[in-house]
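Comments concern the structure below.
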Amino acid sequence: MLMYMSNIRQETPSTPLHSVSVAGVVVREDGRVLTIKRADNGTWEPPGGVLELAEAPEDGVWREVYEETGVKVQVDRLTGVYKNTSRGIVALVFRCRVEGGHEQLTNEASAVEWLTPDEVTGRMAEVYAVRVTDALLDGAPHVRTHDGRRLA
């Protein structure tokens, strides 16, 4: 298998690369989840974004949640890995809890709200809602693939 893979790599002039993003599913004591309405496309999602090159995943989650919402978090655990096959994005999703700060609008978030799990499934596209529902479950991280719209 390794020999086969190395031959493919040599024969492909430009092997596509992946982007890595991180997101935080921030859960309050009352079970509500921190969400944003993205300013660029109007979709509801957990806060997150592209992981910087020299950044640890947990640090990236902390930074992205704070930059997008004004909320400071404690990153607890990895809850899922999600691959968008159409865009080559691998998203690492972590469950978090509130440490401080307060909700605020930003250039990236036109709305910041604490939603119930039912409200999450009603407002978010399937590929984002599943990240939240997976993060609310106990157990091993989930690994899922999607095309940007629907789970595979």
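All letters in the sequence shown, in the order written, are residues 14 to 165 by the working numbering.
Even for Gly, the Cβ is constructed at its ideal location relative to N, Cα and C.
Everything numeric in this text was worked out from a predicted model, so none of it was measured.
Helix, strand or coil for residue 126? Go by DSSP, reduced to three states.
Locating residue 126 in the sequence shown gives position 113, counting from the first residue. Per DSSP, reduced to three states, the secondary structure at residue 126 is strand.
Environment of residue 29 [buried if 16+ CB atoms lie within 10 Å]
One-based indexing of the sequence shown puts residue 29 at position 16. That one is exposed.
Would you mind reading off the limits of the alpha helix (DSSP H) that contains residue 140?
What you label residue 140 is simply residue 127 of the sequence shown in a count that begins at 1. It spans 139 to 148 - the alpha helix (DSSP H) in which residue 140 sits, taken as one unbroken run.
Inspect the CB distances between the stretch 74 to 81 and the stretch 135 to 146 and report whether three or more fall short of 8 Å.
With a cut-off of 8 Å, the stretch 135 to 146 and the stretch 74 to 81 do not count as touching, because too few Cβ pairs lie within range.
So, using beta-carbon positions, are residue 60 and residue 38 closer together than 7 Å?
Here the question's residue 60 lines up with position 47 in the sequence shown. Here the question's residue 38 lines up with position 25 in the sequence shown. Going by C-beta atoms, residue 60 is not nearer than 7 Å to residue 38.
With 16 other Cβ atoms within 10 Å as the buried cut-off, status of residue 159:
The residue you call residue 159 lines up with position 146 of the sequence shown. So residue 159 ends up on the buried side.
Going by CA-CA distance only, name the one from 156, 144 and 104 that's closest to residue 40.
Counting from one through the sequence shown, the residue named residue 40 turns up at place 27. It is 144 whose Cα lies nearest to the Cα of residue 40.
Please tell me whether residue 92 and residue 148 are closer than 7 Å, where the distance is taken between their beta carbons.
Here residue 92 corresponds to residue number 79 of the sequence shown, with the count starting at 1. Here residue 148 corresponds to residue number 135 of the sequence shown, with the count starting at 1. Contact flag set, yes.
When burial is assigned at 16 or more other CB atoms within 10 Å of the CB, is residue 34 buried or exposed?
Position 21 of the sequence shown holds residue 34. Flag for residue 34 reads buried.
Which residues share a DSSP beta bridge with residue 87?
On the sequence shown, residue 87 is found 74 positions in, with the first residue counted as 1. Per DSSP, 110.
With C-beta atoms as the reference, is residue 128 less than 7 Å away from residue 46?
Walking along the sequence shown from the start, residue 128 turns up at place 115. Walking along the sequence shown from the start, residue 46 turns up at place 33. Yes, the pair counts as a contact, with Cβ atoms nearer than the cut-off.
Nearest to residue 31 (by Cα), restricted to the options 103, 120, 164 and 126:
Your numbering for residue 31 matches position 18 in the sequence shown. Of the candidates 103, 120, 164 and 126, the one whose C-alpha sits nearest the C-alpha of residue 31 is 103.
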